[in-house]
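**Student:** Numbering (numbering that gives the first Met the number 0), first residue to last: 0 to 371. Got a structure for you, written out below as structure tokens; questions coming shortly.
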Amino acid sequence: MRTYFLSYPILLMAIIEFQPVYQAEKFIFTLCYICFIYNSSMNKIFSKDEIIEFLSDNLKNEKLFETADKIRKENVGNEVHLRGLIEFSNICRCGCKYCGLRSQNKNLERYRILKDEILLSVQNAVNLGYKTVVLQSGEDNFYSADKLCEIISEIKKYDVALTLSIGEKTYDEYRAFKKAGADRYLLRIETTDKTLYKKMHPKMSFENRLACLYNLKTLGYEVGTGCLVGLPEQTVESLADDILFFRDLDADMIGIGPFIPNENTPLAKAQSGDFWLALKVMAITRIMLPTINIPATTAMETLHPDGRRIALQSGANVVMPNVTPQKYRAKYEIYPNKICINDVPEKCRKCIESKIISIGRTVSKDFGNHKR
Ligand code: SAM
Ligand code: SF4
Ligand code: FES
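What follows is the structure, given as structure tokens:
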């Protein structure tokens, strides 16, 4: 809608500018300009029914992916932003039914990476050319707000943007992290279907998740959210609601991941999410939110050997390669067969750059902030 509003005055200006022109070449130029403007305004707001139709029908997939790719190119360009991911603790107090890090999973060896080693990983990420690092963990209360603020301010001595992905915290904690220098925060809503949310997240509250997202926005973070695709009992109607929610929140980043069952969770026997359905949710999100950052997610590549490249050609413009020291990687087992668990940060950095170059794109050298 925003693009339409922007496009019509420009279209009008183009017509007024060239109205009195009779020479053939100027007339042709005018026509080309008008076509260009119309082409640029392919991004639009789909109604819930239209989204449901796209999600239910596979006949329009190619057109959908092509359109998302085109809108990505026009709005955020060909550069791919890399975010170096440090999974610094797999200890979690929560019990999300789908996640291998849930507190009830006794078949997982737990670890914490302490400040000095986190900073070594950050240094390594910076040496490898990352302009953003992401600190991710379970909800681990060992890291008090004070401890985290200390880590954050140390990280900010490097020339990097910092994203946190450490779950639900209080307003005051979010404020302290921001003051210490955190730039962005990732907190997926996971699903906007309240009944399903309740089933998937015992003892957690959908309202609190929402409040956290709005608190982060109020505090001036770049806010990332997103959803899991393929949770048991999830419907295409609720996925459509998820996409509409991303727009209403006016998010800066959206991460879409297919659900992958983990044998050490209550959803061990559940069916896996569908790669192509997750890709469609991502493509529609790009079309409706043209300027945001969208990662080609690790879960996509876990389900499809070329998943991240396909995602980058269907609307995504971000990748989050792992920079966690290799010895911890297998223990951050959210779901099975996660990619890169036997690799080191140097290998992942080279691997991802070659994938990006192979599709005619480049690695960005800037921070990759959301440019509205
Ligand atoms: N604890 C933080 C949180 O929940 O926001 C951050 C870490 S959590 C492991 C990061 C993301 O992993 C979650 O937002 C969730 O969507 C995803 N995840 C967890 N279990 C998954 C599974 N079985 N399949 C795919 N993604 C999963
Ligand atoms: Fe913990 Fe996050 Fe996993 Fe939920 S998704 S169990 S909060 S690590
Ligand atoms: Fe880790 Fe390819 S990104 S090996």
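Where is the CB? At the ideal position from N, CA and C, for every residue including glycine.
So which residues put a beta carbon under 7 Å from any heavy atom of the ligand FES, going in chain order?
**Tutor:** Chain-ordered list of matching residues: P320, N321, I338, C339, D342, K346, C347, C350 and I351.
**Student:** What residue from F366, E189 and D158 has the CA that sits closest to F245's CA?
**Tutor:** Position 246 of the sequence shown holds residue 245. Measuring from the Cα of F245, the nearest candidate turns out to be E189.
**Student:** For the stretch 209-285, which segments carrying the alpha helix (DSSP H) assignment without a break, of at least 4 residues, lie completely within its bounds, in sequence order?
**Tutor:** The qualifying runs are 235-248.
**Student:** Scan the stretch 129-171 and note each continuous alpha helix (DSSP H) run of 4 residues or more that stays entirely inside, going in chain order.
**Tutor:** 144-154
**Student:** May I ask you to list the residues that DSSP assigns as paired with S80?
**Tutor:** Along the sequence shown, one-based indexing puts residue 80 at 81. Here residue 80 turns out to be His, not Ser, going by the sequence shown. Answer is V317.
**Student:** Going by other Cβ atoms of all chains shown within 10 Å of its Cβ, with 16 needed for buried, is Y213 buried or exposed?
**Tutor:** Numbered from its first residue, the sequence shown carries residue 213 at position 214. Looking at its Cβ environment, which holds fewer than 16 other Cβ atoms inside 10 Å, Y213 is exposed.
**Student:** Which stretch, first to last residue, makes up the beta strand (DSSP E) that contains Y184?
**Tutor:** Residue mapping note: residue 184 aligns to position 185 of the sequence shown, counting from 1. Start and end: R183 to L185.
**Student:** Does the beta-carbon of L58 have 16 or more other beta-carbons within 10 angstroms, so that it is buried, or is it exposed?
**Tutor:** Locating residue 58 in the sequence shown gives position 59, where the first residue counts as 1. The residue is exposed, with fewer than 16 neighbouring Cβ atoms inside 10 Å.
**Student:** Could you give the DSSP three-state label for C31: helix, strand or coil?
**Tutor:** Within the sequence shown, residue 31 is the residue found at index 32, counting from 1. Because C31 sits at a pLDDT of 41, beneath the cut-off of 50, its placement in the model cannot be relied upon, and the following sentence gives the value as read from the coordinates. Here C31 sits in helix by DSSP.
**Student:** So what's S204 in DSSP terms, helix, strand or just coil?
**Tutor:** Translated into the one-based positions of the sequence shown, residue 204 becomes position 205. Reduced to three states, the DSSP call for S204 is coil.
**Student:** Can the beta-carbon of V235 be found less than 8 Å from the beta-carbon of I44?
**Tutor:** Taking the sequence shown and counting its residues from 1, the one referred to as residue 235 is at position 236. Taking the sequence shown and counting its residues from 1, the one referred to as residue 44 is at position 45. Cβ distance not < 8 Å, so V235 and I44 don't count as in contact.
**Student:** Can you tell which of R308, R348, L161 and S363 has the C-alpha that lies nearest to the C-alpha of S357?
**Tutor:** Residue mapping note: residue 357 aligns to position 358 of the sequence shown, counting from 1. With distances taken between Cα atoms, S357 lies closest to R308.
**Student:** Under 7 Å from any heavy atom of the ligand SAM, does the C-beta of A250 make it?
**Tutor:** What you label residue 250 is simply residue 251 of the sequence shown in a count that begins at 1. Not so, every heavy atom of the ligand SAM lies at least 7 Å from the Cβ.
**Student:** Ordered along the chain, which non-local residues of its own chain (more than five positions away) have a Cβ less than 8 Å from that of L215?
**Tutor:** Here residue 215 refers to the residue found at position 216 of the sequence shown. Hits under 8 Å: Y173, Y184, L186 and V222.
**Student:** When you compare the CB positions of V322 and Y129, do they come within less than 8 Å of one another, or not?
**Tutor:** Here the question's residue 322 lines up with position 323 in the sequence shown. Here the question's residue 129 lines up with position 130 in the sequence shown. In this structure, Y129 lies closer than 8 Å to V322 by Cβ.
**Student:** Should Q135 be counted as a contact of the ligand SAM given a C-beta to heavy atom distance under 7 Å?
**Tutor:** In the sequence shown, residue 135 corresponds to position 136, counting from 1. Yes, the Cβ of Q135 comes within 7 Å of a heavy atom of the ligand SAM.
**Student:** Measuring CB to CB, does K47 end up less than 8 Å from A239?
**Tutor:** In the sequence shown, residue 47 corresponds to position 48, counting from 1. In the sequence shown, residue 239 corresponds to position 240, counting from 1. Yes, Cβ-Cβ distance for K47 and A239 is below 8 Å.
**Student:** For A282, which of S313, P265, H303 and P289 has the nearest alpha-carbon?
**Tutor:** Reading the sequence shown from its first residue, position 283 is the one you call residue 282. For the residues S313, P265, H303 and P289, the minimum Cα distance to A282 belongs to S313.
**Student:** What is the DSSP secondary structure of S40, reduced to helix, strand or coil?
**Tutor:** Residue mapping note: residue 40 aligns to position 41 of the sequence shown, counting from 1. Per-residue confidence for S40 stands at a pLDDT of 41, beneath the threshold of 50, marking its modelled position as unreliable; the derived number appears in the next sentence. Residue state, collapsed to three classes: coil.
**Student:** Is I242 near V280, with beta carbons less than 8 Å apart?
**Tutor:** Taking the sequence shown and counting its residues from 1, the one referred to as residue 242 is at position 243. Taking the sequence shown and counting its residues from 1, the one referred to as residue 280 is at position 281. Yes, these two residues count as a Cβ contact at 8 Å.
**Student:** Going along the chain, which residues of its own chain have a beta-carbon closer than 8 Å to the beta-carbon of G254, five neighbours each way excluded?
**Tutor:** Taking the first residue of the sequence shown as position 1, residue 254 is located at position 255. Within the same chain, G254 has close Cβ partners L185, R187, G223, T224, G225, I293, P294 and T296.
**Student:** With a cut-off of 8 Å on the beta carbons, I'd call I90 and G137 a contact; round off their distance for me.
**Tutor:** Walking along the sequence shown from the start, residue 90 turns up at place 91. Walking along the sequence shown from the start, residue 137 turns up at place 138. Yes, I90 and G137 are in contact; Cβ-Cβ is about 5 Å, under 8 Å.
**Student:** Quick one: what's K361 bridged to in DSSP?
**Tutor:** By 1-based counting over the sequence shown, the position of residue 361 is 362. Note on identity: in this sequence residue 361 is Thr, with Lys being the wrong assignment. Looking at the DSSP assignment, T361 forms a beta bridge with E78.
**Student:** Among the residues of its own chain, which have a CB less than 8 Å from the CB of E232, if the five just before and after it don't count?
**Tutor:** Indexing the sequence shown from 1 puts residue 232 at position 233. Result list for E232: L195 and K198, in chain order.
**Student:** Identify the residues that DSSP records as bridge partners of P294: which are they?
**Tutor:** Indexing the sequence shown from 1 puts residue 294 at position 295. Paired residue(s): V317.
**Student:** Does the pairing of the stretch 338-351 with the stretch 97-106 give three or more beta-carbon distances under 8 Å?
**Tutor:** no
**Student:** Going by Cα to Cα distance, which pick from I151, V159 and Y170 is closest to G180?
**Tutor:** Position 181 of the sequence shown, counting from 1, holds the residue named residue 180. By alpha-carbon distance to G180, the top candidate from I151, V159 and Y170 is I151.
**Student:** Compute the Euclidean distance between the alpha carbons of D305 and N316, then round it to the nearest angstrom.
**Tutor:** Your numbering for residue 305 matches position 306 in the sequence shown. Your numbering for residue 316 matches position 317 in the sequence shown. Going from the Cα of D305 to the Cα of N316 covers about 15 Å.
**Student:** Output yes or no for whether 8 Å exceeds the beta carbon distance between K96 and P265.
**Tutor:** As a working note, residue 96 is residue 97 in the sequence shown. As a working note, residue 265 is residue 266 in the sequence shown. Yes. Within cutoff.
**Student:** Helix, strand or coil: how does DSSP classify R109 here?
**Tutor:** Indexing the sequence shown from 1 puts residue 109 at position 110. If DSSP states are grouped into helix, strand and coil, R109 belongs with coil.
**Student:** Around the C-beta of F141, are 16 or more other C-beta atoms found within 10 angstroms, so that it is buried, or is it exposed?
**Tutor:** Here residue 141 is taken as the residue at index 142 of the sequence shown, counted from 1. Exposed, because fewer than 16 other Cβ atoms sit within 10 Å of the Cβ of F141.
**Student:** Once you ignore the five residues that flank T290 on each side, which residues in its own chain have a CB closer than 8 Å to its CB?
**Tutor:** If you number the sequence shown from 1, residue 290 lands on position 291. For T290, where only same-chain residues beyond five positions count, the Cβ hits under 8 Å are N74, V75, H369, K370 and R371.
**Student:** Closest by CA to R82, which one among G166, A269 and M252?
**Tutor:** The residue labelled residue 82 in the question sits at position 83 within the sequence shown. Per the Cα distances, M252.
**Student:** Between the Cα of L113 and those of V125, P320 and S143, spot the shortest distance and give me the residue it belongs to.
**Tutor:** Your numbering for residue 113 matches position 114 in the sequence shown. Residue S143 is the option with its Cα nearest to L113.
**Student:** Can you pull the DSSP bridge partners for E86?
**Tutor:** For the purposes of this step, residue 86 is identified with residue 87 of the sequence shown, where counting begins at 1. Per DSSP, Q135.
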